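Read the structure below first, then the notes.
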Amino acid sequence: MRAPRARAGRRAGGAKSAWAQGLLLGALAVAAPGLGALAGVLLLPGLLAVAMAGPGWRGQARAVLLAGLALSLAPMLAHWRKGGGIGGAMAALGRGDALPRAWGAAGLAWLLAEGAPLLLAAIVEARATARLERLRAEHAALAADWTAPEGQHAAHPRAGD
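In the numbering used here, the protein residues as written are 172 to 332.
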């Protein structure tokens, strides 16, 4: 009976976290609407990934958000230093390459997060297959040596090692 209560507690903690994030983003929108708009547009792929991520996909969503954030900080700091409003933020998005870079980094992070496990699985499987072939060859050589008549033993594959 305790397991459902633990799950309910986790859901409540998630709701508290979402509430706190909403409060933080609301404060940013009130304090610096231009910066909030710029951050919202630049970080949109990461924010969507975090919003749609299930329990098993949080790592990939975090990678997408952090990669987008890494290439969004410079334009956001430049906008903050200029003290621009929403118009300045939209102008910064229109004239620079900040948007393609931030979204491209988020997309690359998504590809790496999705593709790395597949690539590693393929490498592990290839190594296991190669090792299996070596063991089968060694087994065949040992079986041939074991069944050979006395004095006609086959050369062992590792005899020269």
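Note that beta-carbon positions come from the ideal geometry of N, C-alpha and C, so glycine has one too.
No experiment lies behind these values; they were computed from the predicted model shown.
Taking residue i as the reference, give the member of the options with the closest Cα.
i, options, result
"residue 233", "278, 266, 199, 262", "278"
"residue 248", "265, 269, 235", "269"
"residue 271", "219, 246, 258", "246"
"residue 211", "311, 285, 264, 303", "264"
"residue 254", "193, 215, 194, 202", "202"
"residue 262", "188, 209, 276", "209"
"residue 229", "285, 306, 292", "285"
Check whether the Cβ atoms of residue i and residue j sit closer than 8 Å, and answer yes or no.
i, j, result
"residue 243", "residue 224", "no"
"residue 240", "residue 217", "yes"
"residue 251", "residue 206", "yes"
"residue 256", "residue 288", "no"
"residue 238", "residue 301", "no"
Please return the same chain residues whose Cβ sits closer than 7 Å to the Cβ of residue i, not counting the five positions on each side in sequence.
i, result
"residue 317", "none"
"residue 314", "none"
"residue 338", "For the chain, the structure presents residues 172 to 332; residue 338 sits outside this window and is missing."
In chain order, what residues of the same chain lie with their CB nearer than 8 Å to the CB of residue i, ignoring the 5 residues before and after it?
i, result
"residue 191", "none"
"residue 298", "none"
Who are the near neighbours of residue i in its chain, counting only those whose CB is closer than 6 Å to its CB and skipping five residues on each side?
i, result
"residue 200", "207"
For the region 251 to 308, which segments carrying the alpha helix (DSSP H) assignment without a break, of at least 4 residues, lie completely within its bounds, in sequence order? Counting whole runs of 4 or more residues, the region 251 to 308 contains the alpha helix (DSSP H) stretches 257 to 266.
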